[in-house]
Every structure is written in C-alpha cells, then in structure tokens.
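Under our numbering, think of the first position of the sequence shown as -12, with each following residue one higher.
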Amino acid sequence: MFSVLKYVSNKIFGDTINNNDDNRNEEPEEESIESLLAQIEDIKQTSEQNETPQLSFNNSEEKGCFHKTGVVTLVTDNYVLIENDYMCEMKYVVPQDLKKGDKVYYMAYRANENGDLKIRKIEYKFDAVWEQDEIEPLKYSEPMPNIELELDKPVESFDIDPPKPHIENQPVAKSSRINKYCVLTGGSSDKIVKKRDINKRTYTDKVVRRNGREVFFENYTDISVNLDNISSEFVPMIGDWVKIECLVEVNEEIPNFQGEILQVESILPNRSFNKLGKITHYDNQTEVGRIEETIIFTKAVCSDGYIPCVGDKVVAQSIESDQGLQQRWRAMKVVPLEDVSNRFETETVKFKPQLPDDEKEELLKDKENIEITNNLSLTLNAKEEEEIDIVIKNNGNVRQTLFKCAFLSRRSNSQLQLVSPKENEQQFVVPGSALTYKFKCRAKIVGVSEEMVIFKFRKFKIARIVQITVNSINPKKDSNEGSTNTYNRHCNQYSIIPRVYEEGMYIRGVKPYKVAKFIPVRPVTWKIPDVLWTVINKIKVEQKTHSEAVFALVEAVPCLHEPLSIRNYKKRFDYLLYLEEIEQTINMQKFDMKSATLHRSGEYLTLNVPGLAENRPSLILGDRVIVSFLWDATGGEKKYEGYIHKIRSSDVFLQFHQSFHESYHGEDCQISFKGSTTVIQRCHTAISTVVNRLGQDFLFPKKVKQQEPQYNFVEEEASDCDNKNDGDQLTTDPPMLDDLTSHEEKVKILEALLSRRKLKWFNKRLNKYQKEAVKNVLKGLARPLPYVIFGPPGTGKTITVCEAILQILFTMSESRILIATPSNSSANLIAERLLDSNLLKPGDLIRLVAHHYLESESIPEKLIPYCVTADIASEGSRGDVNHIDPRGCKTNVTLSVLCQHRMIIGTCSALGILYNMGCKSDHFTHVIVDEAGQACEPEIMIPLSLAHSGTTQVILAGDPKQLGPVNQSRLAGYYGLNDSFLVRLLQQFPYQRDPEGFEFGYDPRLVTKLLINYRSLPDLLDLPNKLFYEAELIPQVDPENSDEAKLLESLADMLPKRLGTPPAIIFHNVDGTNVQEPDSPSWHNPEEATQIYIYLLELYNRGLEPDDIGIITPYSKQVYNVRNLLAAFEMDIPKVGSVEEFQGQERKVIILSTVRTAPDKVREDITHALGFVSARERLNVAITRARSLLIIIGNAKLLYQDVYWRSVLDHCLNKNSCVNLTLEKQKTK
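Right, dumping it as structure tokens:
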C-alpha cells in the first residue's frame, strides 16, 4: 500500500497540501507529502513489530462449506465484519443487536480452491460463559506435541502446518465440540470449523419482486439475488420463471442432502422460444401490447424505430412469464417483418378525398341557371406563373348574390391565388350577365394535383376543379457521364476464382515504398480458402437468390450458422473477412477497362481512370493496376503489374517492372484493378490476438468484477464549479495524529487524506451527464471491461471524449493513450479539438497516418506538424528514418520515437502497424475508440489488440442506434460483419438497459448515456427521440428565442399553416416516377429533384446560404441528378450526398429525398442495401441532421407500407405538417 500511495502522490500533488498556507513553495510541499508518506510507513512498521504471530493449524484454502466461530470487529447499518476480514450483509445476520466484540457462530464457504472465504450468514452469538467453558489453553514449544482428542467418532486425518517457534497459550477446542467434520484452523478466536462439501444445483422459481437490482423469488424466500453479482443472459422482471444455478451445502443429515443455498451463480430463463405472430393489442399510452393474446410486450423491447400497430406481423423472442390470466409469456425482443402488409389484416394508406363522392358530385352541378366554366386545367414548369379565368354566367331571370369564393385546400398547400375580385367581396350576377374571377397559379407542387374552388351563393354552392400539372425538369446529361464505368449486371457470369500464373506470366511491379527486410512482428497473409472461392463463384455464376446463397454457404461453412461464442469467435470472423475480401475483388472487376492507353510522365506511366474523382473505383497509393494485351502471343494471358505511386484528379501514376517501361510504346491494352488487402489482413491478425490477450470475459462479459477506483476524487458541489482554486489538490489540512492510538486508524486517515482531490474541469460548460461520463472513466470500476459513452445525435459526445482524454492525461501522469476512430475525418476532429484546448505540451500528441493519406490533400493545415508515418522495419535495420518532409510531417518514424508521445491518434486500420512494429500490449494505459458504432468488430479489434487485460482501460464512444459499418459483402453483413462491437456489447447482460435497477437505465460502471441535445429544436427532436431513444433526450435549444427558432419563424410563409409555431418537420408528398439507368442498381426521381429545386429557391430567397442547407438522398444517381439540375440553373449547390456522407454532420435545413415510388422494386433495394425502406439506421441518421427544419419529399403510399416510415408519416399528420397529403387508413385483408 505504501508504494501505491507514494506513486499516487508523485502523480497528483502539484498544489499545496494545506490550502490555508498560500506562501509555501514547491519544495516544502513535496517535503510535506514525503513526510506524510513517511508517517504511514513508520506506523505500519511499528504495527508489524507489535503483531504476535499466531498458530495456523490449516492453511490449505480448500473448497467447501464451513461453520465457524469468530469475533465481531465492526458493525454498520449494512454489514457486519468478523475478524477484520470477513463481511456479512446485514440481511443475512440472524441475531439481533450485535456489537463489536461479540462472539458469533456463522456459516461461510469457499467456492473454489484458494478462493476467498465468504460468509453466508451469522447464525447466533455466544454468551459470556462460552470462552471459559469451551476453550482451554495449550502451551507448547518446538517440536510440536501430539494432540489427543476424545471424539465421538474417530477423525481420519488432520492437515496441520509445520510447528512454529515457541508460541504459548494457544487455545484448543474441547472434545465435546468436535465431530467427524472437524478440522482446526488458526487465529485467536477463529476456532471451530464444521466442514461440509458443496455442489451445484439448479432450481426453478418465479420472480415476485424487484428492488433496484435486487431480485426476490416466490418459493426460495430466504435468498435474494443482486444482479450485479451474478451471470445472466437477460434482465429478469416480475413474473418471469427462471432457472437459478446455485452453490449448495451438502448436508448428509438431510435425506436429499440439500443444505443451505450458499451462492447464486447465474439466472437463466426457464423456457424460451421464438414465435411468429400478429399484434392483437397495443396501447400507445402505456406502451404495452399483446401478441396472439398470449405474449405480452412493451415498446422498450421492440426494435429501434418501430412503433407497434395492431395487425402487424412480428417475430417475438419470448420467455416463460406470468403476466396475466392468458399471458404466460413475456417478449424480450419484438422485430417486425418486412412484408407487414401481406397475408394479415393490416393498416394500409389511401388518399383521403377532400369530400365524399356524393357531396362532391352535387357541388360540381350547375344550379339555378348559373353556368360556370368547366374543364379547367393548367400545365406549367417549376416556378412558372400563369393566370386562368373562371366565368360565371346567369342564364336565368333572377339576380343571384355571390357572397364569396373559397378554396377547399389549405392555403399553404394551394397553388392558386385569387387576383380579382376580392375573396370576400359580395357580387351580384344579374340575369343575362357574366362575372369573371381571375386566378393566378404559381407552380410549386411538382406533378399532377387538383384544387377545388367553391363559389358560395345565397341559397346554394357550385364548385369547380382546377387540374394543375407541374412538369419536372430534366436537364441535359453531363457529357462526362457516359464516360464513366457503369455497374455491369453480367460481370459475374464468368469464374471469379483467382488464377495461379506460371513462371514468367505475371510480371511484378515496383512498390511505392521500400520493403522492410526485418520486421519485429512480420504480417501474416491470410489466404482465402479454396472452398469459399468455389461456393461464392457458384452463387455468382448461377445468380442464386439470397436465401439460396445463405443455404449454400452454411453447407460449406457450418460455423456461420452457430451463435457467436469464444469457441468459434476467430474462425467465424475469419470467414466473414474472407467473404468481404471476395466481394471487394468482385466489385473491383466492375471497373475493368476493355480498352485503354498509358501515357509517359517522367519515371511513371499514367492512366486516366473515368469516375476516379467520385471514388468509382476507389483507389489509393499502393493499389495495383494489371495490364494485359489481347494481341500478344499469349492472347492476354501474360499480366503486367503496376503499383500506384501518385493520384492526381482522374490520373494514376504507375510504376511497372523496368522492362515494361522500356517496351511499352502506347499500345492499346486491357486494364483491371486490385485493391490493397492490408486492412483486412490486420483485421485477421487482431481477431486472433484479442482472443488470447483479452479473452472471454472481455469479449463476452457476463458480470462485473468491481475494481478499486484508479483515481479518487471528491464530488464537487455546484458552488464549486467556478472556484478558482478547484484543482488536483487535497481538500483538508493534514490531521494531527498524536492523539490517535490505533495504528489502523492512523493509516486509514492518512490514506483517505491522500485520495481526497477535486477534479478540475477543463471545459466548464459540461452538463451533468457529460461530467458523469468523465468521472466514471476516471474511476474505471469495471475495468478491464470496456466503458461505453453512449452519445445520441447532438449530445456533445466528442466534447465529452476530449474532456475524458485531457483528464486522463493530467490526472494520471503515467498514462499513455491510444485514440482510434474508423475514419480519418473523425480522427482529425478529435486531434483538432484537443489542440484547441491549448493545454497540450509539445510532444504530447501525434497524428499517425498511413502513407497514402499523407499524400492526400485532406489533412487540415493545423494538423500537418503533428502528422507522422511509421516505419515498420526493426529499429536499426535501415536508414532514412525519422525524416521530416518539406511540409513539416515526420515520415518513417520508429517505434521508440512514437512511444515517447503520450497520445497517438489514428484510424483503427492505420494503428495496426504498431502491432507489427512490436509495440508491447501493456504500453498503453488507455485505448479510446470514438465513433465505435461505425466500425465492424474485427476493425475495432485492431486498436484493442494493443490493450492488456490487466493494465489497459478501454473506452468506446458512439451511438449504437445510427449507421453501423459499411461493408461490401451482403452475406458477411448478414452473418454479423455489419454489427459493431459496440452494438454487440450493449446486448450482453451487464450492459443491458435496466430502468428498474439504475436511475438512468444503465449500470454507471459500464455505460453513460448522454441525454441533453444541443442541436435541434424540440419539435425536430421529438420524432427521433420517440422512435430511437426511449424519449429520454432533453432538448436544450430554446423553442422561441434561439437562432434556430427565429430561422424557422422566418420561413413560416413557405410551410404548412397551423396553430402555434411553424412545423419543424414537413412531409411533402410527390407522386413521382422512378427512373433507372441500364445496368445500374441506382435510381433517380425527376419529380423529387424538381421539388428540391423549388424548395431551394425559396430558401435562398429568404437569405439562407449553401452551407446552411444539406440535401440527403440514398441513391447515387439521384445525387448526380440533383447536382446536375442545380448546375443547369447556375445555382449555388449545397452539399448533396448519401446518408453515410452526412453522419456526424448537421445543417440548419435538411431536404430529404426518398426517391422510391414502386413497391415491387423495394425488394431489390433491400438486396443491394439501398434506400430508406427497411433501413431504420439510415432513417435515424437522416432525420437527426437538421437544426431548424427538415423537409421530407417522398411518396406517401409507398413509405406508409414500411413499419418505420409509417411512424414518420403519422407524426407529420398528427402535427398538421403535410403538404399535398391527406391520408385515411382502411382495414384490408
């Protein structure tokens, strides 16, 4: 303990111990701390010298159940301490009014050999006569005398330690108290042991009560279970029938040998099953429903984004539970089926007519000899205006009074405006005369729409319908569009199995980097098994459906069908990575060029690659270009490999073998591409490493083994937040110890004093949830289990992560921090935020980048001096290391130089080089992964492979509810590669949400969920909050006085009218058309693109800038068409991109184009992982990017068939924020 205290003091004390003495300089402060530590050491030495050695008759810490006697040394409200070593919770103490010094008889057990002894219960206490009657002193000296005991039955053996030097007055128990179970143990008062065996048993019982994390049962009332202390697969609720796996005393005096239940080890569901059924009841207020009347469920167990509806077809994972007379099962997970509208009675959507048919027919009739113009129609282009006249004639003999002209449509939805006469101006139509009403139509709703105009006379009404067609805009195609390689549906008709080339038929090129001859940990090449190539080739050539492909794959690789476990962890992920590599190879083949020409540029040959600027294909330095010639003697069989050394716009600079450079003279050639597999190879290595280094308890945690805090501090008061002196300091003066006589008390006081420090918040604006996350990271009570910072959109996750990093850096002087992210952009963001704190010293931080990224133009200017590339070669094996390039970046940096920095920031994949450089697993004290939900599990394991299970704390930050990893193989994604480690971890029992047990739903030792949203107006936040975040997020943006609210108010005249503030989410229904280019899975919708253009004009006219607006659409073809349309009108183009491109970003206004209109094509979208339908993570990201206004453009009829979009449409309908849409629900079979 002394060494620990000294270590801690050296780290933390920079301020004076005595805050009242402001005149001390640093040296006296250090002397005071050393003096304090010296006092502790002196006290402990004195205490050790005064201790009297005790005889121990049995030091073998064997497994079993023991009935023992001992002395109470401490009594608190919550527990009793015996012999200063063994604690018994007060609920297991039978005798009343225990006090210090009482001698008690208790039951204890040891679950494993050499394990800790635990007290099951204190059974009774002895009276004062006990010591005199039951214990007799034994005097002996070495050698040990024989011990003779009068026993009722003979004792077979004693396990007695070798005798110790001369010890007198050792008590021995009288024979009358010893039976055949007796052995003797040492200690002055820990004297009698009755030992019984223990074994494991399983009992079935029902949960009848919960009190926080405490669980109580119906039959076994003498035990309760704290969920923090057991293993489980689920969080039990009242009514659940469970299997209780226990350690039980073996009592031979009872017929079935069943003695006391000593310890509950785990709880499992008694019975469970999966059921396909229909929701028969759901209450939106209580959020409780029933499936087939036998299974009860709550909204909390439904998949993210899903709001149940009666009639929905779902799959329920259920356990046996008494929840009512008919409900004998409780659903733990409810997932809606994609074909929710098929086969079962469901709610479908139809356009609600403005008027009933009979009423409409009556209104359209002429009456009382009044004749009004019929067959009214207009055709306009977007934003055009045109006037139309409606003539009213009186063919009768009676003057008619026309009171007013009215529109049936909402004013905000109407494209018509009355010019003359005034709307409410009374008119007289005399016999034989005509009255003209002049209207102006301004095109703002793309497509065909109808508007009804009603003329109200004194005794009757006559209506007319004006049909308005607003044409979509189809700009001319970009001349470069046709030159790009398009997706080829038939590219997989030939074999994809890689060929093995004969000697001399594959000429290797020149790599862009010098190959290291000596590497500390040489990278392993993980070769794809031939069986997998064969299966995937068959699937591609025969064009099997997804179901057929899954069946064929499972036959070849059975482990993919098994649940993920530590046993199959490595093998399963290896095969998923193989599948991903195969798919990457196949997709790269789509960009093969049948005819191309290389051009000389100095030492390079250059190739123009159409579409390269748009990452079609995506190429980086180190990728390869394979050249062949159909006209040569081999018929194209001979291949020439060239490595990419530079990329400039659409040109790649290549180096082949020198002989190719000398012989090539501009001939036509065939081109194929091969991407680097470095990232996938590092994933394989990481998966193999973490299984051995981190193990099952880390990868598949079942319980928390709480540790001592790694950093102690005093919780600050609210008034202390702005205290100038709050820092890493002691909060009280050193006490005077002269008056204390107990060595233990002196040590405890001094140790407590050294641990009492206040936190100094670097960011004073953190909210309580952000502070709680940082505090829990510093405590690290559950380490080595990962700590999760759950950061929903706009809650300041990055700010929280940066504060945690700075706190670790400054409070733990020996800390070394590895910071990983899935992307370079997020790594840059973290690095910039840390530098902006102005707290780092030179050399604290480096930004480790890959060589190819260093050559790009994406590195922020601020970070260039901090960027380094690593040298994988063994130190001293080659020169030209630790070089500084002209920009100031360090290249080929050795491991010893890298490790001098306390913080290394990089992408998960780039940091993998540290493993090959020989970085030790215990080098980093902390590994922090930001945006952990966006990386697949093997990718996350690359930085985690550098962690040590005993010394490294892991922190994962991200949002498991948003977009996960982006992979190319749908089969690999289906079997788990699309799930992040963060998502899987939160499904493990200790990480599961338990509102009954924890104030904020999660175990604070493991998870902190940030709840205060700083991004969006409350009206905007309401929808995603309800769909994805248990309605827990707290909006911080003022709905009236904030900049966001003022902006929304300024846009009110272009939004649907309603009472109160303008709507922050609107749904604009467009009945557009889907257009698909040949040989492409992507779609575009001209009508929606035109509607985007109209909205963009309105926004620009009201003062918004392009940087204020974002346009999101799930299809690359729609992205291209929107950009092309805006460019044709020479408009400033805001950012237009996919959902993936917008994750982590925000804009004042977001326009969302859903594109799809044809239900029969949605299944194809799902196959290609496109679109919004059946993609709840995409939906969540899309609707959480806006600060003030979200405009959704789509086809309501199609979207309402999706269970997730149904909730969005219902929300907009209930908020009166729909344009060109009124819906009605009809029950259909």
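Note that CB positions come from ideal geometry on N, CA and C, so glycine has one too. Fair warning: this is a prediction, and the values are worked out from it, not measured in the lab.
With distance defined between alpha-carbon atoms, name the residue in the options nearest to residue i.
i	options	result
Arg957	Ser843, Ile573, Lys1044 and Arg680	Ile573
Phe505	Val916, Gly863, Leu933 and Arg397	Gly863
Arg183	Glu236, Tyr190 and Ile942	Glu236
Glu759	Thr995, Lys625, Tyr1001 and Lys193	Thr995
Tyr269	Asp89, Met928, Ser883 and Gly298	Gly298
Lys689	Val868, Leu772 and His1055	Leu772
Cys392	Ser364, Met439, Glu348 and Ser663	Met439
Ser459	Gly496, Pro550 and Leu367	Leu367
Asp831	Gly866, Glu844 and Arg889	Arg889
Glu348	Ile452, Ile241, Ser305 and Ile795	Ile452
Trp316	Pro323, Leu324, Leu816 and Ile306	Ile306
Ile1178	Thr1141, Lys1184 and Glu1164	Thr1141
Applying the criterion that 16 or more other CB atoms from any shown protein chain within 10 Å of the CB defines a buried residue, is residue i buried or exposed?
i	result
Ile359	buried
Asn198	exposed
Pro1005	buried
Asp990	buried
Pro1043	buried
Glu468	Caution applies to Glu468, whose pLDDT of 46 falls short of 50 and renders its modelled position unreliable; the model cannot decide the point.
Cys1199	buried
Arg495	exposed
His839	buried
Asp353	exposed
Trp618	exposed
Ser588	exposed
Cys1205	buried
Arg803	buried
By Cβ distance below 6 Å, which residues in the same chain neighbour residue i in space, the five residues on each side in sequence not counted?
i	result
Gly264	Ile278 and Glu279
Gly899	Arg669 and Ile929
Thr719	Legend: pLDDT at Thr719 = 47, less than 50; position of this residue unreliable, value from coordinates given subsequently. Nothing listed; no residue qualifies.
Ala807	Cys895, Leu898, Val916 and Pro930
Val518	Ala543
Ile674	Lys557, Phe560, Pro925 and Met928
Glu232	Thr189, Glu252 and Ser253
Lys877	Val855 and Ile871
Tyr774	Val764 and Ile942
Phe204	Asp192
Less than 8 Å between C-beta atoms, sequence neighbours within five positions excluded: which residues of the same chain meet that for residue i?
i	result
Glu819	Pro847, Lys849 and Leu850
Gln387	Glu355, Ile357, Asn381, Phe415, Val416, Phe444 and Arg445
Along the chain, where does the beta strand (DSSP E) that runs through residue i open and close?
i	result
Glu76	Tyr73 to Glu76
Val237	Trp228 to Val237
Trp316	Trp316 to Pro323
Met890	Met890 to Thr894
Gln272	Careful: Gln272 lies outside any beta strand (DSSP E) and carries neither H nor E.
Ser883	That residue, Ser883, is in no beta strand (DSSP E); its alpha helix (DSSP H) goes Leu882 to Leu885.
Assuming residue i is part of the alpha helix (DSSP H), what are its boundary residues?
i	result
His1198	Val1190 to Asn1201
Gln1105	Ser1103 to Ala1115
Ser1037	Asp1030 to Ser1037
Leu599	Leu599 -> no alpha helix (DSSP H), and no H or E assigned at all.
Val541	His533 to Ala543
Cutting at 7 Å between CB atoms, please list the residues of its own chain near residue i, excluding the five before and the five after it.
i	result
Phe244	Val237 and Asn238
inquiry  = Threshold first: 3 residues or longer. Then list the beta strand (DSSP E) segments lying entirely within the stretch 756 to 844, N to C.
reply    = Runs found: 774 to 777, 804 to 808 and 832 to 835.
message = Restricting to runs no shorter than 3 residues, where is the beta strand (DSSP E) found entirely within the stretch 605 to 690?
response = DSSP assignment within the stretch 605 to 690 yields the following whole beta strand (DSSP E) runs of 3 residues or more, N-terminal first: 611 to 615, 626 to 635, 638 to 642 and 656 to 661.
key: Runs of alpha helix (DSSP H) wholly within the stretch 914 to 977 (minimum 4 residues, chain order)   = Restricted to the stretch 914 to 977, the alpha helix (DSSP H) segments that are unbroken, complete and at least 4 residues in length are 924 to 931 and 968 to 972, listed in chain order.
inquiry  = Please give the ranges of any alpha helix (DSSP H) in the stretch 346 to 374, keeping only runs that are unbroken, at least 4 residues long and fully inside the region.
reply    = Counting only runs of 4 or more, we get nothing.
key: Contained beta strand (DSSP E) runs [length at least 3] in the stretch 977 to 1035, N- to C-terminal order   = Correct list: 994 to 996.
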